[in-house]
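Worksheet: one structure, shown below.
Numbering (our numbering), first residue to last: 489 to 901.
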């Protein structure tokens with residue numbers, strides 16, 4: 489049977505040629521109908537076109553690269569609206585024809601791509617770093633909007649802090665986990681709202697040789713089944729907020745009751761607990777590293793993840809964060825290069841050092857974060873001045889993308 493050869497997608501060179509043709513032709517058109525340096529609002533008023541259309545036309549012809557021209561331009565239909573408006577101003581036929589031919593080349597280019605304009609923009613964003621950043625922001629905002637509609641609630645600001653210090657056992661480290669959410673807003677009645685979730689990994693082979701892990705409240709109470717004992721009393725409604733804990737094997741979830749909050753009535757809440765012997769302190773032949781992972785699972789506008797490491801834990805170590813698809817690696821604690829190459833996500837997730845203690849952790853989005861975390865340190869009896877702090881700040885975090893930090897463990901003294 490005869491098989492038709494697949495049509496190759498347009499090359500980068502072909503895209504650049506189309507972009508250059510559009511820049512040259514549209515620049516010539518603008519030179520005849522508008523003064524140099526014209527503002528978008530003025531151009532829109534003179535040609536009687538939409539402000540945003542005028543802005544995109546001007547932004548595209550002023551771009552420094554033909555690929556940027558293509559990325560900034562509106563759709564071919566939008567360009568034709570612009571050209572029709574310029575024709576009414578007496579544009580010479582040869583300029584009109586050159587621009588129209590360039591638009592036709594753009595249409596032909598889009599027809600050759602499997603997803604049309606989406607394929608074009610994605611390809612260009614892969615070549616231009618500035619385009620990738622903008623595409624990432626737009627994509628994350630779109631996911632946030634869609635996820636909010638599906639789940640029926642949003643969160644303005646979510647703060648996650650992990651605090652690690654040597655344990656009394658000596659060869660392990662304790663950890664305090666702090667989770668706070670400000671502006672939890674229900675969009676429809678009855679939607680369940682997840683505040684916190686954790687999988688304990690009790691049978692993790694990397695824990696061999698460590699003392700048993702024990703979960704406590706900040707006051708030292710164990711065997712916690714009432715989720716309200718984890719809540720911080722001075723945040724939002726405190727321990728009066730209606731929450732419940734769901735435990736299934738090694739999985740724990742803390743959720744808001746379906747009646748809270750009322751529609752479009754934002755609330756805030758925070759919880760914290762301590763895990764004794766959660767991390768290994770020193771390397772072994774089988775476990776040269778430890779890892780800290782966290783993935784958001786709700787629609788959040790601003791997400792802050794702070795990491796506090798005690799002065800006696802992991803000395804001289806500078807952490808970094810790797811965005812990854814959540815839980816794809818067989819053993820996330822091991823820094824497996826082959827698996828990491830598969831599940832790594834090219835997303836912006838920079839880690840900023842905040843110095844020692846809590847003096848620089850304030851947030852412009854929510855003033856309640858610093859006092860809440862300071863209260864958690866005090867209640868646990870931990871001195872914040874002995875911890876070095878790091879922050880990852882993300883707008884519109886992608887759900888189920890894990891932020892992973894591997895710790896290079898020192899040798900035992």
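By construction, the Cβ of each residue, glycine as well, lies at the ideal position given by its N, Cα and C atoms.
{"Query": "Could you tell me the alpha carbon to alpha carbon distance between residue 512 and residue 833, rounded to whole angstroms?", "Result": "37 angstroms"}
{"Query": "Could you tell me the distance, in whole angstroms, from the CA atom of residue 494 to the CA atom of residue 611?", "Result": "At residue 494, the pLDDT of 43 sits below 50, so the modelled position is not reliable and the matter cannot be decided from this model."}
{"Query": "Here's the rule I'm using: 16 or more other beta-carbon atoms within 10 Å means buried, otherwise exposed. How should residue 490 be labelled?", "Result": "Low confidence applies to residue 490: its pLDDT is 41, below 50, so where it sits in the model is not reliable, and the reading given next is rough at best. Its Cβ having fewer than 16 others within 10 Å, residue 490 is exposed."}
{"Query": "Alpha carbon to alpha carbon, how far is residue 773 from residue 641? Give it in angstroms, no decimals.", "Result": "46 angstroms"}
{"Query": "Can you list the beta strand (DSSP E) stretches of 3 or more residues lying completely in the region 491-533, in chain order?", "Result": "none"}
{"Query": "Following the continuous alpha helix (DSSP H) through residue 570, name the residue where it begins and the one where it ends.", "Result": "564-575"}
{"Query": "Going by beta-carbon coordinates alone, are residue 608 and residue 598 separated by less than 8 angstroms?", "Result": "yes"}
{"Query": "Suppose the cutoff is 6 angstroms on Cβ atoms and the five residues either side in sequence are ignored; what does the same chain contact list for residue 733 look like?", "Result": "715 and 742"}
{"Query": "Can you tell me whether residue 557 is helix, strand or coil according to DSSP?", "Result": "helix"}
{"Query": "Any idea which residues DSSP pairs residue 739 with across the strands?", "Result": "687 and 736"}
{"Query": "Would you check if the distance between the CB atom of residue 844 and the CB atom of residue 873 is smaller than 8 angstroms?", "Result": "yes"}
{"Query": "Could you check what DSSP says for residue 833 in three-state terms: helix, strand or coil?", "Result": "coil"}
{"Query": "Within 10 Å of its beta-carbon, does residue 765 have 16 or more other beta-carbons around it, so buried, or fewer, so exposed?", "Result": "buried"}
{"Query": "Given a cut-off of 8 angstroms on the beta-carbon distance, is the pair residue 664 and residue 870 in contact?", "Result": "yes"}
{"Query": "Beta carbon of residue 660, beta carbon of residue 699: below 8 angstroms?", "Result": "yes"}
{"Query": "By how many angstroms is the C-alpha of residue 788 removed from the C-alpha of residue 635?", "Result": "10 angstroms"}
{"Query": "Among the candidates 507, 670, 509 and 885, whose CA atom is the shortest distance from the CA of residue 628?", "Result": "885"}
{"Query": "Which residue from 747, 719, 686 and 650 puts its Cα closest to that of residue 676?", "Result": "747"}
{"Query": "List the endpoints of the continuous alpha helix (DSSP H) containing residue 590.", "Result": "581-600"}
{"Query": "When DSSP labels each residue in this structure, what does residue 728 get in the three-state scheme?", "Result": "helix"}
{"Query": "Answer with buried or exposed for residue 633, where buried requires no fewer than 16 other C-beta atoms within 10 angstroms of its C-beta.", "Result": "exposed"}
{"Query": "Could you spell out where the alpha helix (DSSP H) holding residue 615 opens and where it closes?", "Result": "605-615"}
{"Query": "Under 8 angstroms, do residue 786 and residue 881 count as touching if we go by C-beta distance?", "Result": "no"}
{"Query": "Residue 545 lies in the alpha helix (DSSP H); which residues open and close that run?", "Result": "539-549"}
{"Query": "Any idea if residue 808 is buried or exposed, counting beta-carbon neighbours within 10 angstroms, 16 or more meaning buried?", "Result": "exposed"}
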